Amino acid sequence: MSSLRHRVLPPQLLLKWPKEASFCLWLLHPDPSNRPKLSELLQSEFLNESKDELEERETAIELRKRIEEQDLLLEFLLLMQQRKQEAARKLQDTISFLCSDIEQVMRHQTNFKKKIGSHPDLSKDNCLSLNLPSMTPSAGLGSRKRFRPGILVHDIEACGDNVDDSEKSSSDNENEQGVLFKSSRLMKNFKKLELAYLLMRGRVNKPSGRQFVKHSSISSDGRGSVVLTERSSVNNLASKESCNDNRQGGWISPFLEGLCKYLSFSKLKVKADLKQGDLLNSSNLVCSLSFDRDGEFFATAGVNRKIKVFGYDSIVNEDRDIHYPVVEMASRSKLSSVCWNRYIKSQIASSNFEGVVQVWDVTRSQVVTEMGEHERRVWSIDFSSADPTILASGSDDGSVKLWSINQGSSIGTIRTKANVCCVQFPADSGRSLAFGSADHKIYYYDMRNIRVPLCTFTGHNKTVSYVKYIDSSTLVSASTDNTLKLWDLSMCTSRVIDSPVLSFTGHMNIKNFVGLSVSDGYIATGSETNEVFIYHKAFPMPALSYKFQMDPLSSHEMDDSAQFISSVCWRGQSSSIVAANSTGHIKILEMV
Numbered sequence: 001m002s003s004l005r006h007r008v009l010p011p012q013l014l015l016k017w018p019k020e021a022s023f024c025l026w027l028l029h030p031d032p033s034n035r036p037k038l039s040e041l042l043q044s045e046f047l048n049e050s051k052d053e054l055e056e057r058e059t060a061i062e063l064r065k066r067i068e069e070q071d072l073l074l075e076f077l078l079l080m081q082q083r084k085q086e087a088a089r090k091l092q093d094t095i096s097f098l099c100s101d102i103e104q105v106m107r108h109q110t111n112f113k114k115k116i117g118s119h120p121d122l123s124k125d126n127c128l129s130l131n132l133p134s135m136t137p138s139a140g141l142g143s144r145k146r147f148r149p150g151i152l153v154h155d156i157e158a159c160g161d162n163v164d165d166s167e168k169s170s171s172d173n174e175n176e177q178g179v180l181f182k183s184s185r186l187m188k189n190f191k192k193l194e195l196a197y198l199l200m201r202g203r204v205n206k207p208s209g210r211q212f213v214k215h216s217s218i219s220s221d222g223r224g225s226v227v228l229t230e231r232s233s234v235n236n237l238a239s240k241e242s243c244n245d246n247r248q249g250g251w252i253s254p255f256l257e258g259l260c261k262y263l264s265f266s267k268l269k270v271k272a273d274l275k276q277g278d279l280l281n282s283s284n285l286v287c288s289l290s291f292d293r294d295g296e297f298f299a300t301a302g303v304n305r306k307i308k309v310f311g312y313d314s315i316v317n318e319d320r321d322i323h324y325p326v327v328e329m330a331s332r333s334k335l336s337s338v339c340w341n342r343y344i345k346s347q348i349a350s351s352n353f354e355g356v357v358q359v360w361d362v363t364r365s366q367v368v369t370e371m372g373e374h375e376r377r378v379w380s381i382d383f384s385s386a387d388p389t390i391l392a393s394g395s396d397d398g399s400v401k402l403w404s405i406n407q408g409s410s411i412g413t414i415r416t417k418a419n420v421c422c423v424q425f426p427a428d429s430g431r432s433l434a435f436g437s438a439d440h441k442i443y444y445y446d447m448r449n450i451r452v453p454l455c456t457f458t459g460h461n462k463t464v465s466y467v468k469y470i471d472s473s474t475l476v477s478a479s480t481d482n483t484l485k486l487w488d489l490s491m492c493t494s495r496v497i498d499s500p501v502l503s504f505t506g507h508m509n510i511k512n513f514v515g516l517s518v519s520d521g522y523i524a525t526g527s528e529t530n531e532v533f534i535y536h537k538a539f540p541m542p543a544l545s546y547k548f549q550m551d552p553l554s555s556h557e558m559d560d561s562a563q564f565i566s567s568v569c570w571r572g573q574s575s576s577i578v579a580a581n582s583t584g585h586i587k588i589l590e591m592v
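Read in order, the letters of the sequence shown correspond to residues 1 to 592 in the UniProt record's numbering.
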């Protein structure tokens, strides 16, 4: 402080901040009268310069903040622009192949109408189909007004003046109801169908346009372009055009088939309720259902240690308080699976929890052959379609055994590292075998070489509980991961396939065996919500569902939330299905 009084400043201050040092010396002038006054200080260049710099600094900070805000806004706008441009590109692609598809379908339709027009006996019916609004480009799918009954009747009357009034009225009403029904189903499920179309069309677009060229250049026979109710009228044409129809290829045929079948039925109706009087068993869980080759009888098997055979017609046509089986056969252990021989009507095979496979003669109600080479519980059995004396079984001991009924012993064994939950032969040959395992995989074998699998499918992330052949080149699997998956066997050029063609979701299945059955492209499965779900192989969403209600005749109480569907089985290629739940409640359902 004494140095300051004598106006002696530190050397560093003088060197680094000369303006500040000069200002300090002015304030410390030895003569008080020469020291600056307040007004002079406020007007001094030193203070005003600092103030200007501070204002400039604050202005610069504010500008930098605004620039950062603008950068943030610009980044958002650019990102939004990029996403919208990508969406616009995808939308443009979608519109492009929609236009292409519409043009192709209209070309098929026009060609088909010309062929129908060449048949006088069909020309009257053709008049109806040609005037249906749903088949013209101007009739958008979103316009419900285009399906008003009055408009349809007016168009039909204008077209068919020479048709008998009574016949025309009946035909018109049936066609009108059919179109209205399918239109309402179409609009109700439009969003789901749109997603299914884009999914299927996207699969077609993946292979660099090669597949697209194939289906756009083929013969346009217009299969399925006629109104669905007219299908029966053109059966004679369909057979002649079958070769050209097969060449149509691409996505159109499977999507059209799926669309027609998806819209053909609106619900599952209870055709019959099977009431059993089995009061001696505390548990009546049905583990397996199977129809005979003619759909005349069906068998049930489960934890009550009994195989019961019921006559289908008697259950459907006779209203009884209690239905008794035609044949009842007792087993010494709980039954896990039952399978009717596809050729020998009197022969049923069963598997039980002790690992024993038995073949029964239904007419004599006794065991014909018993095979006990498995070390643990057998979950699944299936007869070969090519050779009715060959049987396959899958067990918890990690093996699949092939049996000869005539020899009464195994003729081959496939070993895996995990429990085998299901086995299945294809319906049209005995050259292959598929089975699902607890290691989340599906194994596909050529029966001529059972040492190594021809292909392994690895798309599930939990136990594979069922596998079924939809046709010779398509397989569907069920898992406790809440999904069904569709597999293309023609892709088995590589050893491992991890991408299914389609995944079906909508039912719930996380811990139980809920059943799986296929018929004519329809896939039936159970759910742990006590519901039966019907899918079609073309679409990933359920087409129909039916929920079981609490069984009033059940001999024991069970919480409704604990009940689940335990088995399902189609009656051949019909629209009827038998389903059973965990309480032993059995219903015959029909798609209507």
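A virtual CB, placed ideally from N, CA and C, is assigned to each residue, including glycine.
Note that this is a predicted model, so its numbers are computed, not measured.
{"Check": "Reduced DSSP category for residue 269 - H, G, I as helix; E, B as strand; rest coil", "Outcome": "strand"}
{"Check": "Pick from 202, 61, 193 that is closest to residue 90, judged by C-alpha positions", "Outcome": "202"}
{"Check": "Supposed contact pair residue 468 and residue 400 - C-beta distance, whole angstroms, cut 8 Å", "Outcome": "That pair is no contact at about 16 Å."}
{"Check": "Which of helix, strand or coil DSSP assigns to residue 485", "Outcome": "strand"}
{"Check": "Residue 586 to residue 288 span [Cα, whole Å]", "Outcome": "11 Å"}
{"Check": "Selection from 396, 258, 431, 357 that minimises the alpha carbon distance to residue 543", "Outcome": "258"}
{"Check": "Alpha-carbon spacing of residue 304 relative to residue 272, whole angstroms", "Outcome": "22 Å"}
{"Check": "Residues of its chain near residue 275, where Cβ-Cβ distance is below 8 Å and the 5 sequence neighbours each way are ignored", "Outcome": "320, 321, 322, 323, 553"}
{"Check": "CA-to-CA distance, residue 573 to residue 237, given in whole angstroms", "Outcome": "Confidence at residue 237 is low in this model, with a pLDDT of 40, below 50, so its placement is unreliable and no value can be given for it."}
{"Check": "Contact belief for residue 594 with residue 455 at Cβ below 8 Å, rounded distance in angstroms", "Outcome": "Missing from the structure shown is residue 594; the chain here goes from 1 to 592 and no further."}
{"Check": "The stretch 387-396 touching the stretch 343-352, judged by at least three CB pairs closer than 8 Å", "Outcome": "yes"}
{"Check": "Endpoints, alpha helix (DSSP H) assigned at residue 258", "Outcome": "252-264"}
{"Check": "Three-way DSSP call (helix, strand, coil) for residue 564 in this model", "Outcome": "coil"}
{"Check": "Beta carbon of residue 445 nearer than 8 Å to that of residue 465", "Outcome": "no"}
{"Check": "Helix, strand or coil at residue 276 [DSSP, three-state]", "Outcome": "coil"}
{"Check": "Classification of residue 225 by the beta-carbon crowding that lies within 10 angstroms, buried from 16 upward", "Outcome": "Legend: pLDDT at residue 225 = 33, less than 50; position of this residue unreliable, value from coordinates given subsequently. The residue is buried, with at least 16 neighbouring Cβ atoms inside 10 Å."}
{"Check": "Touch test, the stretch 292-307 against the stretch 323-333, Cβ-Cβ under 8 Å, three pairs minimum", "Outcome": "yes"}
{"Check": "Secondary structure, beta strand (DSSP E): runs of 3+ residues fully inside the stretch 36-62", "Outcome": "none"}
{"Check": "Pairwise C-alpha distance: residue 390 and residue 593", "Outcome": "There is no way to answer for residue 593, as the model of the chain reaches only from 1 to 592."}
{"Check": "Bridge partner(s) assigned by DSSP for residue 93", "Outcome": "DSSP lists no partner for residue 93."}
{"Check": "Spatial distance of residue 411 from residue 405 (CA atoms)", "Outcome": "10 Å"}
{"Check": "Residue(s) in a DSSP beta bridge with residue 536", "Outcome": "522"}
{"Check": "With 16 other Cβ atoms within 10 Å as the buried cut-off, status of residue 370", "Outcome": "exposed"}
{"Check": "Rounded C-alpha distance that separates residue 563 from residue 531", "Outcome": "9 Å"}
{"Check": "Residue 574, DSSP secondary structure in three states", "Outcome": "coil"}
{"Check": "Selection from 534, 511, 539, 17 that minimises the alpha carbon distance to residue 503", "Outcome": "539"}
{"Check": "Where residue 110 falls: helix, strand or coil (DSSP)", "Outcome": "helix"}
{"Check": "Alpha-carbon spacing of residue 365 relative to residue 378, whole angstroms", "Outcome": "22 Å"}
{"Check": "Residue environment, residue 40, which counts as buried when at least 16 other CB atoms sit within 10 Å", "Outcome": "exposed"}
{"Check": "Cβ distance (whole Å) where residue 342 is taken to contact residue 291 below 8 Å", "Outcome": "That pair is no contact at about 10 Å."}
{"Check": "Proximity test, Cβ basis, 8 Å: residue 290 and chain C", "Outcome": "Of the chains in the structure shown, none is chain C; there is only one protein chain."}
{"Check": "Straight-line Cα distance separating residue 346 from residue 570", "Outcome": "19 Å"}
{"Check": "Bridge partner(s) assigned by DSSP for residue 362", "Outcome": "Per DSSP, none; premise fails for residue 362."}
{"Check": "Buried versus exposed call for residue 408 [16 or more other C-beta atoms within 10 Å across all chains shown]", "Outcome": "exposed"}
{"Check": "Beta-carbon spacing of residue 505, residue 488 below 8 Å", "Outcome": "no"}
{"Check": "Residue nearest to residue 580 in terms of C-alpha spacing, selected from 591, 524, 360, 541", "Outcome": "524"}
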